[in-house]
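Following the working numbering, the numbering of the sequence shown begins with -4 at its first residue and continues without gaps. From the three backbone atoms N, C-alpha and C, an ideal C-beta is built for every residue, glycine too.
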Amino acid sequence: MLVCVDRRRGPPLVTAVVLLVAGGCGRPQPRKTSPPKPPQTIVLWAWDRAEDLRFLKPGEAEVAALMETLYLRDGRAEPWFRRLPLVLPEGMKPIPVIRLESDGSALPPADSIGSFLWRWVDLKRIQIDFDARSSQREWYVELIRLTRRWKPHISITALASWCLDKPWFAGVPDEAVPMLFRMGPQRNAILDRLHKQGQFAEGCRDALGISTDERLPWRPEAKKIYVFHPHPWTREAFDEARARLR
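Right, here's the structure in full:
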(Lines of atoms letter the chains of each structure in order from A and count residues from 1; the text may use other names and numbers.)
(Lines give C-alpha, C1' and ligand atoms only; values in the text may rest on other atoms or scores of the structure.)
Protein backbone atom coordinates (compact mmCIF):
# COMPACT_ATOMS: atom_id res chain seq x y z
CA MET A 1 0.00 0.00 0.00
CA LEU A 2 1.34 3.40 -0.97
CA VAL A 3 -0.40 6.42 0.56
CA CYS A 4 0.80 9.94 -0.19
CA VAL A 5 -0.67 12.63 2.03
CA ASP A 6 0.34 16.28 1.93
CA ARG A 7 -0.40 17.56 5.44
CA ARG A 8 0.50 21.16 4.78
CA ARG A 9 -2.25 23.57 5.73
CA GLY A 10 -3.72 26.66 4.18
CA PRO A 11 -5.37 25.48 1.98
CA PRO A 12 -5.30 21.83 3.00
CA LEU A 13 -4.42 19.52 0.14
CA VAL A 14 -4.92 15.80 0.44
CA THR A 15 -3.96 13.44 -2.35
CA ALA A 16 -4.20 9.72 -1.83
CA VAL A 17 -3.10 6.99 -4.21
CA VAL A 18 -3.66 3.44 -3.03
CA LEU A 19 -2.26 0.40 -4.78
CA LEU A 20 -3.76 -2.90 -3.70
CA VAL A 21 -2.12 -6.09 -4.77
CA ALA A 22 -4.42 -9.12 -4.62
CA GLY A 23 -3.55 -12.67 -5.66
CA GLY A 24 -0.23 -11.54 -7.14
CA CYS A 25 -1.95 -9.87 -10.12
CA GLY A 26 -0.59 -6.44 -9.24
CA ARG A 27 -3.56 -4.72 -10.79
CA PRO A 28 -4.31 -1.39 -9.07
CA GLN A 29 -7.82 -0.99 -7.70
CA PRO A 30 -9.07 2.59 -7.21
CA ARG A 31 -10.36 3.54 -3.79
CA LYS A 32 -12.77 6.37 -3.22
CA THR A 33 -11.40 9.11 -1.01
CA SER A 34 -13.15 11.92 0.82
CA PRO A 35 -12.89 15.25 -0.95
CA PRO A 36 -10.49 17.74 0.66
CA LYS A 37 -11.99 20.28 3.00
CA PRO A 38 -12.32 23.74 1.47
CA PRO A 39 -9.87 26.30 2.84
CA GLN A 40 -11.04 28.44 5.71
CA THR A 41 -11.27 32.17 5.21
CA ILE A 42 -9.68 34.18 8.02
CA VAL A 43 -11.12 37.60 8.81
CA LEU A 44 -9.32 39.90 11.22
CA TRP A 45 -11.47 42.19 13.32
CA ALA A 46 -9.87 45.64 13.48
CA TRP A 47 -11.46 47.57 16.34
CA ASP A 48 -11.28 51.29 17.14
CA ARG A 49 -7.55 51.70 17.53
CA ALA A 50 -4.71 52.50 15.17
CA GLU A 51 -4.16 49.49 12.92
CA ASP A 52 -1.52 48.98 10.23
CA LEU A 53 -2.31 45.76 8.36
CA ARG A 54 -0.04 46.26 5.38
CA PHE A 55 1.85 43.11 6.42
CA LEU A 56 -0.99 40.96 5.04
CA LYS A 57 -0.13 39.17 1.81
CA PRO A 58 -2.68 38.64 -0.96
CA GLY A 59 -5.16 35.94 -0.03
CA GLU A 60 -4.02 35.55 3.59
CA ALA A 61 -6.96 37.23 5.29
CA GLU A 62 -9.79 39.71 5.01
CA VAL A 63 -10.40 42.60 7.40
CA ALA A 64 -13.64 43.57 9.16
CA ALA A 65 -13.14 47.00 10.66
CA LEU A 66 -15.26 48.92 13.13
CA MET A 67 -16.18 52.03 11.16
CA GLU A 68 -19.15 53.46 13.04
CA THR A 69 -20.89 53.15 16.40
CA LEU A 70 -24.51 54.17 16.78
CA TYR A 71 -25.54 55.06 20.33
CA LEU A 72 -29.27 54.41 20.71
CA ARG A 73 -30.85 56.55 23.42
CA ASP A 74 -34.37 57.84 24.03
CA GLY A 75 -35.60 57.09 20.52
CA ARG A 76 -32.61 58.68 18.77
CA ALA A 77 -29.35 57.47 17.24
CA GLU A 78 -26.08 59.34 17.73
CA PRO A 79 -23.29 58.29 15.35
CA TRP A 80 -19.60 58.13 16.22
CA PHE A 81 -17.19 57.36 13.41
CA ARG A 82 -13.86 55.59 13.56
CA ARG A 83 -11.31 58.05 14.93
CA LEU A 84 -8.02 56.21 14.62
CA PRO A 85 -6.23 55.29 11.40
CA LEU A 86 -6.72 52.01 9.56
CA VAL A 87 -4.04 51.17 6.98
CA LEU A 88 -4.66 48.24 4.64
CA PRO A 89 -2.72 46.61 1.82
CA GLU A 90 -3.15 48.33 -1.51
CA GLY A 91 -6.43 47.39 -3.15
CA MET A 92 -8.01 45.83 -0.06
CA LYS A 93 -11.42 47.07 1.04
CA PRO A 94 -12.56 46.42 4.60
CA ILE A 95 -15.86 44.89 5.60
CA PRO A 96 -17.39 47.79 7.54
CA VAL A 97 -18.65 46.88 11.00
CA ILE A 98 -21.38 49.04 12.52
CA ARG A 99 -21.75 48.66 16.27
CA LEU A 100 -25.10 49.41 17.92
CA GLU A 101 -25.00 50.45 21.58
CA SER A 102 -28.28 50.71 23.49
CA ASP A 103 -28.79 51.98 27.02
CA GLY A 104 -32.09 50.10 27.25
CA SER A 105 -34.30 53.12 26.64
CA ALA A 106 -36.73 53.47 23.71
CA LEU A 107 -35.23 52.50 20.35
CA PRO A 108 -35.55 54.76 17.32
CA PRO A 109 -37.74 53.48 14.47
CA ALA A 110 -35.82 50.81 12.58
CA ASP A 111 -36.26 52.62 9.27
CA SER A 112 -34.62 55.75 10.70
CA ILE A 113 -31.38 53.78 11.15
CA GLY A 114 -31.32 53.11 7.42
CA SER A 115 -29.69 56.44 6.59
CA PHE A 116 -26.74 55.54 8.84
CA LEU A 117 -26.26 52.10 7.29
CA TRP A 118 -26.82 53.31 3.73
CA ARG A 119 -23.46 55.07 3.57
CA TRP A 120 -21.66 51.72 3.79
CA VAL A 121 -23.63 49.59 1.34
CA ASP A 122 -21.49 50.59 -1.65
CA LEU A 123 -18.84 48.26 -0.17
CA LYS A 124 -21.30 45.41 -0.86
CA ARG A 125 -20.84 43.77 2.56
CA ILE A 126 -21.56 45.07 6.03
CA GLN A 127 -21.52 43.55 9.49
CA ILE A 128 -23.78 44.68 12.31
CA ASP A 129 -22.67 44.13 15.90
CA PHE A 130 -25.54 44.37 18.38
CA ASP A 131 -26.06 42.47 21.63
CA ALA A 132 -29.82 42.69 21.32
CA ARG A 133 -31.88 42.11 24.45
CA SER A 134 -34.93 39.87 24.25
CA SER A 135 -37.21 42.91 24.02
CA GLN A 136 -35.13 44.33 21.14
CA ARG A 137 -35.01 41.29 18.89
CA GLU A 138 -38.12 42.03 16.85
CA TRP A 139 -36.78 45.55 16.18
CA TYR A 140 -33.39 44.12 15.18
CA VAL A 141 -34.89 41.64 12.73
CA GLU A 142 -36.90 44.46 11.16
CA LEU A 143 -33.72 46.55 10.81
CA ILE A 144 -31.89 43.73 9.03
CA ARG A 145 -34.82 43.14 6.68
CA LEU A 146 -34.99 46.83 5.82
CA THR A 147 -31.25 46.96 5.16
CA ARG A 148 -31.44 43.97 2.83
CA ARG A 149 -33.53 46.02 0.43
CA TRP A 150 -30.27 47.62 -0.72
CA LYS A 151 -28.90 44.14 -1.39
CA PRO A 152 -25.64 44.20 0.55
CA HIS A 153 -24.35 40.96 2.05
CA ILE A 154 -25.33 41.33 5.72
CA SER A 155 -23.36 39.60 8.44
CA ILE A 156 -24.23 39.87 12.12
CA THR A 157 -22.30 38.94 15.22
CA ALA A 158 -24.21 36.59 17.51
CA LEU A 159 -23.95 35.61 21.13
CA ALA A 160 -23.10 31.90 21.32
CA SER A 161 -26.24 31.29 23.38
CA TRP A 162 -28.38 32.51 20.47
CA CYS A 163 -27.09 29.71 18.26
CA LEU A 164 -27.56 26.61 20.41
CA ASP A 165 -31.16 26.21 19.22
CA LYS A 166 -32.77 27.52 16.05
CA PRO A 167 -31.86 31.22 16.25
CA TRP A 168 -34.57 33.84 16.47
CA PHE A 169 -33.08 35.61 13.43
CA ALA A 170 -32.99 32.46 11.25
CA GLY A 171 -33.10 33.21 7.52
CA VAL A 172 -32.80 36.98 7.91
CA PRO A 173 -29.07 37.86 7.72
CA ASP A 174 -26.79 36.26 5.14
CA GLU A 175 -24.32 35.26 7.83
CA ALA A 176 -24.28 34.92 11.60
CA VAL A 177 -21.00 34.79 13.53
CA PRO A 178 -21.37 33.10 16.93
CA MET A 179 -18.68 34.47 19.24
CA LEU A 180 -16.85 31.87 21.30
CA PHE A 181 -15.17 34.36 23.59
CA ARG A 182 -16.17 36.79 26.34
CA MET A 183 -19.09 34.48 27.11
CA GLY A 184 -19.31 35.46 30.77
CA PRO A 185 -20.80 33.24 33.51
CA GLN A 186 -22.67 31.08 30.95
CA ARG A 187 -19.43 29.93 29.33
CA ASN A 188 -19.24 26.42 30.80
CA ALA A 189 -22.92 25.70 30.27
CA ILE A 190 -22.73 26.88 26.64
CA LEU A 191 -19.64 24.78 25.92
CA ASP A 192 -21.15 21.68 27.57
CA ARG A 193 -24.25 22.04 25.43
CA LEU A 194 -22.18 22.66 22.32
CA HIS A 195 -20.06 19.56 22.88
CA LYS A 196 -23.18 17.42 23.34
CA GLN A 197 -24.79 18.78 20.17
CA GLY A 198 -21.59 18.59 18.14
CA GLN A 199 -22.28 21.87 16.35
CA PHE A 200 -24.29 25.06 16.44
CA ALA A 201 -27.84 25.16 15.11
CA GLU A 202 -28.40 25.62 11.40
CA GLY A 203 -27.96 29.24 10.43
CA CYS A 204 -24.90 29.63 12.67
CA ARG A 205 -22.52 27.08 11.15
CA ASP A 206 -20.75 28.92 8.35
CA ALA A 207 -18.74 31.36 10.48
CA LEU A 208 -17.22 31.55 13.94
CA GLY A 209 -15.66 34.29 16.09
CA ILE A 210 -12.67 33.66 18.36
CA SER A 211 -10.14 35.75 20.29
CA THR A 212 -6.37 35.38 20.44
CA ASP A 213 -6.29 35.86 24.22
CA GLU A 214 -8.62 32.97 25.06
CA ARG A 215 -7.97 29.26 24.69
CA LEU A 216 -9.79 27.74 21.76
CA PRO A 217 -12.77 26.02 23.40
CA TRP A 218 -13.91 24.42 20.16
CA ARG A 219 -12.12 23.18 17.07
CA PRO A 220 -13.11 25.67 14.37
CA GLU A 221 -14.65 23.83 11.42
CA ALA A 222 -16.54 26.81 10.00
CA LYS A 223 -15.85 28.10 6.50
CA LYS A 224 -14.98 31.54 7.83
CA ILE A 225 -13.15 32.37 11.07
CA TYR A 226 -13.27 35.91 12.48
CA VAL A 227 -10.41 36.63 14.86
CA PHE A 228 -10.36 39.35 17.52
CA HIS A 229 -7.05 40.57 18.97
CA PRO A 230 -7.05 42.79 22.10
CA HIS A 231 -4.01 44.70 20.86
CA PRO A 232 -3.03 46.18 17.49
CA TRP A 233 -2.38 43.47 14.93
CA THR A 234 1.20 42.58 14.00
CA ARG A 235 2.68 40.04 11.66
CA GLU A 236 3.69 37.92 14.65
CA ALA A 237 0.19 38.03 16.19
CA PHE A 238 -1.38 37.06 12.87
CA ASP A 239 1.01 34.14 12.35
CA GLU A 240 0.33 32.86 15.87
CA ALA A 241 -3.43 33.10 15.35
CA ARG A 242 -3.22 31.26 12.04
CA ALA A 243 -1.05 28.54 13.60
CA ARG A 244 -3.68 27.95 16.31
CA LEU A 245 -6.31 27.39 13.64
CA ARG A 246 -4.21 24.63 12.13
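Taking C-alpha positions only, A236 is separated from I220 by approximately 11 Å. Sorting V222, G109, S130 by C-alpha distance to the C-alpha of A59 places V222 at the top. Ranked by how close their Cα comes to the Cα of A196, the residues S206, I185, G70 have I185 in first place.
Close CB contacts of F164 within its chain, under the 6 Å cut and outside five residues either way in sequence, are with V136 (chain order). Burial is judged here by how many other beta carbons sit within 10 angstroms of a residue's own beta carbon; P180 has fewer than 16 and is exposed.
Taken through DSSP and simplified to helix, strand or coil, F76 comes out as strand.
In the assembly as shown, E46 is a buried residue. Its beta-carbon has 16 or more other beta-carbons within 10 Å. Taking C-beta separations shorter than 6 Å and ignoring five residues to either side along the sequence, the partners of P89 in its chain run V58, A60, following chain order. M87 counts as exposed, since fewer than 16 other beta carbons sit within 10 angstroms of its beta carbon.
Nearest to Q131 by alpha-carbon distance, out of R200, G54, E96, is E96. With 16 or more other Cβ atoms from the protein chains shown falling within 10 Å of its own Cβ, Q35 counts as buried. By the Cβ test, the segment 97 to 111 is not in contact with the segment 153 to 161, since fewer than three Cβ pairs between them sit closer than 8 Å. When rounded, the separation of the alpha-carbon atoms in I123 and P225 is 19 Å. Rounded to the nearest whole angstrom, the C-alpha separation of K218 and I37 is 9 Å. Taking C-beta atoms as the reference points, F111 and L65 count as a pair closer than 8 Å.
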